[in-house]
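Protein sequences appear in the order of chains E and R.
Sequence positions in the first sequence follow the numbering used here and run 15 to 304.
Sequence positions in the second sequence follow the numbering used here and run 1136 to 1436.
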Amino acid sequence: MKNRFAFSTIMLWVGLAFIYIPMVILVIYSFNASRLVTVWGGWSVHWYVGLLDNTQLMNAVKRSLQIALYTACAAVALGTLAAFVMTRIKRFRGRTLFSGLVTAPLVMPEVITGLSLLLLFVAMAQLIGWPAERGVMTIWIAHTTFCTAYVAIVVSGRLGELDQSIEEAAMDLGAPPWKTFLLITVPMIAPSIAAGWLLSFTLSLDDLVLASFVSGPGATTLPMEVFSAVRLGVKPEINAIASVILLAVALFTLLAWFLVRSADKRSRMPPPEDDKHITWQAAINSRKHS
Amino acid sequence: MNKLISRILPSGRFWVISVPYLWLFLFFLLPFAIVLKISFSEAAIAIPPYKPLFDYVEQSLNVVVNLGNYIFLTQDSLYLAAYLGSLKVALISTVICLLLGYPMALAIARAPREKQLVYLLLVMMPTWTAILIRVYAWMGILSSNGLLNNLLMSIGVISSPLQILNTNIAVYIGVVYAYLPFMVLPLYANLVKHDETLLEAAMDLGASKLSAFWKITVPLSKTGIIAGSMLVFIPVVGEFVIPELLGGPETLMIGKILWQEFFNNRDWPVASALAIVMLAILLIPIILFHYNQSRAMEKNA
């Protein structure tokens, strides 16, 4: 039985190797003492030490973290609302357009989204004088729009699995809808909200294309800073920055994973495999009898 | 369910819907209308660098619809080549991702439940990491004095360095590398729901492993295949970072051209026209993806 899927298992390992080997090489070479990127000159951390003194880079890091923080909070609020509307309110005018607007940012090429948002901001500045200058604020709006879609997908997956009878019971007992939502629904979907928050945070931290379009002079983010350095070629300093970013994201991802896993364990007390098997058996039996 | 809806006060319900709706309308849909508008205006040396579409002079409204930008796109073969180049890269990469990702997703879906989560995390983690950095990692590997060439030369496969970086091959490697997880995840989500007893039944009835796979697993995973393929195909058409860093002079992709037109030439109307045409090309796959998604969601509900 186990042998049956040998080909796919081999492919899984080949795929994972393909995904991870470049990143491992990158991290190893960030500790290279040699100035030449391809020649190994022994272990050293001096590329990392230099990063802290680079004020331009550190400012970009601060700005990126600030934007990511604001983005994650706004995207969670908007995305959770959107997910709630998608899964709980089946009929309202413009529902098709709404669900289209929620999923479209996931697939829309970033250059189109970036260009269109910039042109919007320019047109708005002409018409109503706001935003007067592009920077943290406009990047935040762009990132929030983009991350809302991700949060909505993550949260709506969880909302769809929830047992709605608990919400209905709360309302039957007289809780107003907003109270039911805050006291019953939100705690039950809390892990996916947290996962959505972390996802938005890392996506915002990572974005280059949108930020390049909608930022103004003097508001460079970390990816923009890295990109302009990378364009000039491979350098040990960039290896060091890249490794730090990889490490930070890996930590965030592990955290998000633990959140999802603990929620998964709680919600699936009866193992789903057995569950499915029983229903399948029941279906076969009922057909036999009829 | 109905109770929940009826209990929500009209005003509360209105706000719950309208806040995300308004945000997405204002910052996602409206901007496309503006791009469309600017694609019809004439470039000018001004801030912003285009002429207004509407002109109100002496009680007469003049609407100047300039088709010049679109005509310009057809006259220079560069743009057509870039569109075709993008479609070709996206199509080939999608097929490679499917061929590589399908068995991966199958292996994860058939693994024990505890391991599934670990594998999923391993596949998912890179999508949360800067695409820029992962593409950068390949620059060091593929360059002519890079690790791959050094490795191949030291084991004697080649005698002189191969030119891989700054060619289309590097772009394919980068695109497949960056977008593979987007193929694996929807396929996994679909495959994990399959009932294995169907396969057992097929085998009991005498089907070979391969024909059971073709006749049961593949048709059942259709929505996953569509979702995964669209998640790879659509963004790759507009990809900018990968062709910019890994591609060379022969690499013509529309995302890169749009970027250059906008930032280097500062021709906003032509950049807008490029975006509109790109959007028109992608409209069918985007609608297909959306239709597929909402059908899958309805099935779950």
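Glycine is no exception: its CB is placed at the ideal position from the N, C-alpha and C atoms.
Which listed residue (the options) has its alpha carbon closest to that of residue i
i, options, result
"leucine 120 of chain E", "R:Asn1325, R:Leu1159, R:Ile1152", "R:Leu1159"
"glycine 29 of chain E", "R:Asn1204, R:Pro1238, R:Arg1148, R:Trp1394", "R:Pro1238"
"asparagine 1201 of chain R", "R:Ala1179, R:Ala1216, R:Val1367, R:Leu1387", "R:Ala1179"
"alanine 1324 of chain R", "R:Asn1280, R:Thr1332, R:Met1259", "R:Met1259"
"threonine 152 of chain E", "E:Trp61, E:Gly210, E:Val169, E:Pro231", "E:Pro231"
"tryptophan 154 of chain E", "E:Leu40, E:Leu224, E:Asn253, E:Gly64", "E:Leu224"
"serine 1429 of chain R", "E:Leu92, E:Lys104, E:Phe227", "E:Lys104"
"lysine 76 of chain E", "E:Pro250, E:Ser276, E:Leu50, E:Val150", "E:Val150"
"serine 1278 of chain R", "E:Leu141, E:Leu50, E:Asn68", "E:Leu50"
"valine 258 of chain E", "E:Pro237, E:Ser242, E:Leu246", "E:Pro237"
"asparagine 1303 of chain R", "R:Ala1342, R:Pro1155, R:Ala1225, R:Ser1343", "R:Ala1225"
"serine 276 of chain E", "E:Gln178, E:Gln70, E:Phe21, E:Met202", "E:Met202"
"leucine 1300 of chain R", "R:Gly1382, R:Arg1401, R:Pro1316, R:Asp1402", "R:Gly1382"
Beta-carbon proximity check, residue i vs residue j, cutoff 7 Å
i, j, result
"threonine 234 of chain E", "alanine 82 of chain E", "no"
"glycine 1373 of chain R", "glycine 1390 of chain R", "yes"
"methionine 1318 of chain R", "glycine 1363 of chain R", "yes"
"leucine 134 of chain E", "isoleucine 1411 of chain R", "no"
"valine 248 of chain E", "glycine 1275 of chain R", "yes"
"proline 123 of chain E", "proline 1183 of chain R", "no"
"alanine 156 of chain E", "leucine 131 of chain E", "yes"
"leucine 1320 of chain R", "alanine 1244 of chain R", "no"
"valine 1367 of chain R", "threonine 1229 of chain R", "yes"
"valine 1087 of chain R", "isoleucine 1377 of chain R", "No information on residue 1087 of chain R is available, as it lies outside the stretch 1136 to 1436 that chain R covers here."
"leucine 212 of chain E", "phenylalanine 266 of chain E", "yes"
"asparagine 253 of chain E", "tyrosine 34 of chain E", "no"
"proline 1404 of chain R", "serine 1212 of chain R", "no"
"valine 125 of chain E", "leucine 1393 of chain R", "yes"
"alanine 166 of chain E", "leucine 273 of chain E", "no"
"asparagine 1284 of chain R", "isoleucine 1361 of chain R", "no"
"leucine 92 of chain E", "proline 1155 of chain R", "yes"
"valine 116 of chain E", "alanine 89 of chain E", "no"
"isoleucine 1351 of chain R", "valine 99 of chain E", "no"
"alanine 1085 of chain R", "tyrosine 1205 of chain R", "This structure does not reach residue 1085 of chain R, given that chain R is present from 1136 up to 1436, and the question cannot be answered."
CB contact below 7 Å: residue i versus chain E
i, result
"methionine 1388 of chain R", "no"
"phenylalanine 1149 of chain R", "no"
"glycine 1373 of chain R", "yes"
"glutamine 1428 of chain R", "yes"
"alanine 1362 of chain R", "no"
"isoleucine 1152 of chain R", "yes"
"tyrosine 1307 of chain R", "no"
"proline 1247 of chain R", "no"
"asparagine 1204 of chain R", "no"
"tryptophan 1349 of chain R", "no"
"isoleucine 1416 of chain R", "no"
"histidine 1425 of chain R", "yes"
"alanine 1272 of chain R", "yes"
"isoleucine 1419 of chain R", "no"
"proline 1321 of chain R", "no"
"proline 1127 of chain R", "The structure shown has nothing for residue 1127 of chain R, since chain R only spans 1136 to 1436."
is_contact[residue i, chain R] using C-beta, thresh 7 Å
i, result
"methionine 37 of chain E", "yes"
"aspartate 220 of chain E", "yes"
"leucine 65 of chain E", "no"
"serine 58 of chain E", "no"
"alanine 215 of chain E", "Correcting the residue type first, residue 215 of chain E is phenylalanine in the shown sequence and not alanine. Chain R, which has no Cβ nearer than 7 Å to the Cβ of phenylalanine 215 of chain E, makes this no."
"alanine 271 of chain E", "Reading the sequence as shown, one finds tryptophan at residue 271 of chain E and not alanine. Closer than 7 Å to some Cβ of chain R, the Cβ of tryptophan 271 of chain E qualifies, so yes."
"valine 75 of chain E", "no"
"proline 237 of chain E", "yes"
"threonine 85 of chain E", "no"
"methionine 283 of chain E", "Low local confidence applies: a pLDDT of 42 at methionine 283 of chain E is under 50, so the model's placement there is unreliable, with the coordinate-based value given in what follows. With 7 Å as the cut-off, methionine 283 of chain E does not count as an interface residue toward chain R."
"threonine 234 of chain E", "no"
"leucine 71 of chain E", "no"
"leucine 129 of chain E", "yes"
"isoleucine 153 of chain E", "no"
"tryptophan 294 of chain E", "Because tryptophan 294 of chain E carries a pLDDT of 34, less than 50, the predicted location of this residue cannot be relied on, and no value is offered for it."
Closer than 9 Å at the beta carbon, the chain B residues around residue i
i, result
"glycine 1275 of chain R", "Chain labels in this structure do not include chain B; the protein chains are E and R."
Check: residue i C-beta below 6 Å from any heavy atom of the ligand ATP
i, result
"isoleucine 1392 of chain R", "The ligand content of the structure shown is nil, which means the ligand ATP is not present either."
Is the stretch 1258-1269 of chain R touching the stretch 1302-1317 of chain R, taking contact as three or more C-beta pairs under 8 Å?
Yes, since at least three Cβ pairs between the stretch 1258-1269 of chain R and the stretch 1302-1317 of chain R fall closer than 8 Å, the two stretches touch.
Looking at chain E, which residues of the stretch 1255-1270 of chain R have a Cβ within less than 8 Å of any of its Cβ atoms?
Along the stretch 1255-1270 of chain R, the positions whose C-beta sits under 8 Å from a C-beta of chain E are Leu1256, Leu1257, Val1258, Met1259, Met1260, Pro1261, Trp1263, Thr1264, Ala1265, Ile1266, Leu1267, Ile1268, Arg1269, read in chain order.
Within the chosen definition, does the stretch 207-221 of chain E reach the stretch 1254-1266 of chain R through at least 3 CB pairs nearer than 8 Å?
A contact is defined here as three or more CB-CB pairs under 8 Å, and the stretch 207-221 of chain E meets this definition with respect to the stretch 1254-1266 of chain R.
Inter-stretch contact at 8 Å, needing at least 3 Cβ pairs: the stretch 158-169 of chain E / the stretch 1152-1167 of chain R
Verdict: yes, contact present.
Short-range partners of chain R found in the stretch 190-214 of chain E, where Cβ spacing is below 7 Å
Residues passing the 7 Å Cβ filter: Pro191, Trp192, Leu213.
Are three or more beta carbon pairs between the stretch 46-56 of chain E and the stretch 184-198 of chain E nearer than 8 Å?
A contact between stretches requires three or more CB pairs, one per stretch, nearer than 8 Å, and the stretch 46-56 of chain E fails this requirement with the stretch 184-198 of chain E.
Tell me, please, whether the stretch 1378-1387 of chain R touches the stretch 1241-1255 of chain R by the rule of three or more beta-carbon pairs shorter than 8 Å.
The way I'd put it, the stretch 1378-1387 of chain R doesn't touch the stretch 1241-1255 of chain R; fewer than three beta-carbon pairs between them come closer than 8 Å.
Validate contact between the stretch 94-104 of chain E and the stretch 1147-1155 of chain R using beta carbons, cut 8 Å, 3 pairs:
Output reads yes: the stretch 1147-1155 of chain R touches the stretch 94-104 of chain E.
Members of the stretch 112-125 of chain E that neighbour chain R once the beta carbon cut-off is set at 9 Å
Residues of the stretch 112-125 of chain E whose Cβ lies closer than 9 Å to any Cβ of chain R, in chain order: Phe112, Ser113, Gly114, Leu115, Val116, Thr117, Ala118, Pro119, Leu120, Val121, Met122, Pro123, Glu124, Val125.
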